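There are 2 protein chains.
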Amino acid sequence: MRISELAEVSGVPVHTLKYYLREGLLMPGVPVSRTRADYGPEHLTRVHLVRALVEHGGVGIAGVHRILEALDSPPPSRHELLGVAHGTLVGPAEAQDATPPDPAVTAVVAALGWGVEDCVPVVRRLSEAVVRARAAGVELPDEDLLRYAEAMRAVARVDLDVAGRARSAEEAMRTVVLGTVLVDPVLVVLRRLAQEAESATRP
Amino acid sequence: MRISELAEVSGVPVHTLKYYLREGLLMPGVPVSRTRADYGPEHLTRVHLVRALVEHGGVGIAGVHRILEALDSPPPSRHELLGVAHGTLVGPAEAQDATPPDPAVTAVVAALGWGVEDCVPVVRRLSEAVVRARAAGVELPDEDLLRYAEAMRAVARVDLDVAGRARSAEEAMRTVVLGTVLVDPVLVVLRRLAQEAESATRP
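So the sequence lines, in the order shown, correspond to chains B and Z. Every position in the first sequence, counted from 1, becomes a number in the numbering used here once 2 is added. Every position in the second sequence, counted from 1, becomes a number in the numbering used here once 2 is added.
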């Protein structure tokens, strides 16, 4: 199909598709004349993926490149899979940033007893998010943070079950990387729905 | 303090502060000469709040206006509080959008037995997030969605406990509205930390 048809089928405007092409997020079409290229179903799938990541997964262009590379690479071990997925959250430049995490947040992470104190980039991200929320007026005492962490452990159990069901290494990679980024918005909305449900049960 | 000092203390560049002023997100300083205004601690607090919402809460300018209005308004009942918080997720224009939620997602919401089928704007947002994730290659079967929902119910229990502890109606408003938006990024990072912890316990 032409780029105009790809735009119509995908619901993504032509100028955005051209932007994806320029940024290397969408592979070029097959040239059929000097000014026209042909796009197939693999382009449509890629457009859906890129749009979901950029517009709704809150992933920047560099993050999308990292994810696309991961999906195209030979899958590493299960543990490295998680590393790649988490690398989409923490870019390489950011990972080198030496700002140490807030000691109070590090103490909460240790109190969880999860043995994850060594995941420094993720702990640093947690610290940033907690410090920001507190600076903006959310109290977020340590006890609440511990309870939130326990609830998210239940989410992670589902995540690992999903990854464990993958029928191939490629599917495991896709599941872990995309599931981590694209299920976040689902969880955020489920939280609001659960607030409504929980609110109705309280006096 | 001068705007340059406010920039230094808050870590937000002067041109961004001027943008916040133009957009009405930051209240004007007290004029001390024809070309200078004075900013106080209330401006610093507001800058922290706006930056947290815009840069890290993923809230658009219109959403920040809705949140600031809510924080300045006389607080409504507990149930309306949630409505205001959820209004920060679903703008008025969007709420009027008549696209019905995906029937499969509506069926999952009904299967939860939470009695929240009537929260149409939130169910529609859930449907959009699920449809998008599935179109981008995440399978997300209904059983997984139900398990994710149960985990987020535990998060909502903490949320409602936090709101219930508020010492005043103003604090309840602040807690619910900001806690909903600014704790999302904390939960997302906790999910990754929990994935690492859960992964270590599996063979």
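Cβ coordinates follow ideal geometry from the N, Cα and C atoms, glycine included. Here the structure is a predicted model, which means the values were calculated and not measured.
Query: Tyr150/Z at chain B interface by Cβ criterion, 8 Å; Result: yes
Query: Inter-residue CB distance, Val183/Z and Val107/Z (contact presumed, cutoff 8 Å); Result: No, Val183/Z and Val107/Z are not in contact; Cβ-Cβ is about 23 Å, not under 8 Å.
Query: Inter-residue CB distance, Val288/Z and Arg53/Z (contact presumed, cutoff 8 Å); Result: Any question about residue 288/Z goes unanswered here, given that chain Z covers just 3 to 205.
Query: Backbone secondary structure at Val34/B - three-state DSSP; Result: coil
Query: Which of helix, strand or coil DSSP assigns to Asp246/B; Result: This structure does not reach residue 246/B, given that chain B is present from 3 up to 205, and the question cannot be answered.
Query: Leu28/B beta carbon less than 8 Å from that of Arg48/B; Result: yes
Query: His67/B and Ser12/B closer than 8 Å at C-beta; Result: no
Query: Leu46/B, DSSP secondary structure in three states; Result: helix
Query: Rounded C-alpha distance that separates Ser6/B from Val56/B; Result: 21 Å
Query: Proximity winner among Met154/Z, His17/Z and Trp116/Z, relative to Pro187/B (alpha-carbon distances); Result: Met154/Z
Query: Status (buried if at least 16 other CB within 10 Å, exposed otherwise) for Gly117/Z; Result: exposed
Query: In chain order, each beta strand (DSSP E) run of at least 3 residues that lies wholly inside the region 121-199 of chain B; Result: none
Query: Contact the region 118-128 of chain B vs the region 129-138 of chain Z: 3+ CB pairs below 8 Å; Result: no
Query: Option in Arg127/B, Leu114/B, Leu142/B and Pro143/B with minimal Cα separation from Ala151/B; Result: Leu114/B
Query: CA-to-CA distance, Val190/B to Pro30/Z, given in whole angstroms; Result: 34 Å
Query: Boundaries (first-last residue) of the alpha helix (DSSP H) holding Glu71/Z; Result: Ile63 to Asp74
Query: Neighbourhood of Ile63/Z by C-beta, 8 Å cutoff - its chain only, sequence neighbours within 5 removed; Result: Glu25, Leu27 and Val56
Query: Identity of the residue in Leu19/Z, Arg4/Z and Thr18/Z nearest Tyr41/Z by Cα; Result: Arg4/Z
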